[in-house]
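Here the structure is laid out as structure tokens; the discussion comes afterwards.
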Amino acid sequence: MLITRLSLSPSFGYHHSMYFLRRTLLPVVFLFGSLHATAHPHMLIITRLTFEFEGARCPGFWVDWDFDRFFSASIIHDFDRDRDGTFNEQEIRLIHDNAFINLEHYGFFVFLRQGETRTNPRKVLHFTASQKDNNVHYRFYVPLPEGFTGEFYVSIFDPSYFCAVKYQEEEPVVVVQKREGAPLPRWNIQENKNYPIYYDPYGPVTDTTIHTKWRPGLETAYPEEVHLVFPGGQ
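In structure tokens:
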């Protein structure tokens, strides 16, 4: 069974966010060539997750995103107003309000699972943005409800596959234990083929369609989930 969010038609909020991604992407498509303009996905996000545990309970985790040079060039052009190679507090607020916050309509591409129940976070906190070597980096915190203990899953993906998400190769997951003497949970990353993403590999940059069923011409991708298990399950 697909997650509930995938069964919905694209909302205004999602299209608002994707409109901004397309609007900022188009100038660099012309600058760097047409490859990005002719095939899904159009953007690449490299992610890393840092989970903070208090004993068996996980109150929340940090999400880090590194963007490809295309989207990075757009964000730097639009929001580094003083052209000093950094984002100050005002510029970060502009990025948050114009290039990030509307992703809340699609759960910030964050999906949480316990058993067969899949949800999105209701909010994220402590958003910041930075740049280094002309690449843009986002960081934000996802607070979790009280019940996230024992075993759960987290995945980061765009259900329209406009953006491809990959985990950082060197250190995809960091686990921090804040309770002295408590063990660390085990984790691994695995594909979940029960929740496929269908996409048109030739979809243009204007295409943010969410396909809920496969049809001829579509290809299939599977979200990678971080699976965390606390010793003893509690």
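Be aware that the sequence shown starts at 1, since it is given in our numbering, and climbs by one per residue.
Glycine residues also receive a C-beta, built at the ideal position from the N, C-alpha and C atoms.
It should be emphasised that the depicted structure is a prediction, and the values quoted were computed from it without experimental measurement.
Taking C-beta atoms under 8 Å as the contact rule, F109 and F157 qualify, at a distance of about 6 Å.
Nearest to F67 by alpha-carbon distance, out of E54, T47, F61, is T47.
Around the Cβ of P41, a 10 Å sphere holds 16 or more other Cβ atoms; the residue is buried. Here the alpha carbon of G115 sits roughly 37 Å from the alpha carbon of I92. Residues of the same chain with a CB within less than 6 Å of the CB of E224, apart from the 5 flanking positions on each side, are I189, E191 in chain order. For Y153, the closest of H227, V175, T220, Q168 by C-alpha to C-alpha distance is H227.
E52 is positioned such that its CB atom lies closer than 9 Å to that of W62. If you draw a 10 Å sphere on the C-beta of R118, you find 16 or more other C-beta atoms in it, and that means buried.
Around the CB of P185, 16 or more other CB atoms lie within 10 Å, so the residue is classed as buried.
Look at P231 here: in three-state DSSP terms it is helix. Its chain contains E52, F53, E54 as the residues whose beta carbon lies nearer than 8 Å to that of K178, once the 5 sequence neighbours on both sides are disregarded; these appear in chain order.
The continuous alpha helix (DSSP H) containing R69 extends over residues 69-79.
Approximately 21 Å separates the beta-carbon atoms of H96 and F70; this is outside 8 Å, ruling out the contact. Only exposed fits W214, as fewer than 16 other CB atoms lie within 10 angstroms of its CB. Contact check for Q131 and I210: beta-carbon distance about 30 Å, past the 8 Å limit, so the pair fails to qualify. Here Y202 is exposed, its C-beta having fewer than 16 other C-beta atoms within 10 Å. Collapsing the DSSP output to three states places H211 in a strand. Beyond the five residues adjoining it in sequence on each side, Y138 comes within less than 6 Å, by CB distance, of W65, A129 in the same chain, given in chain order. Around the beta-carbon of T208, 16 or more other beta-carbon atoms lie within 10 Å, marking it buried. Membership of L94 in the alpha helix (DSSP H) is indicated by the continuous run 89-95.
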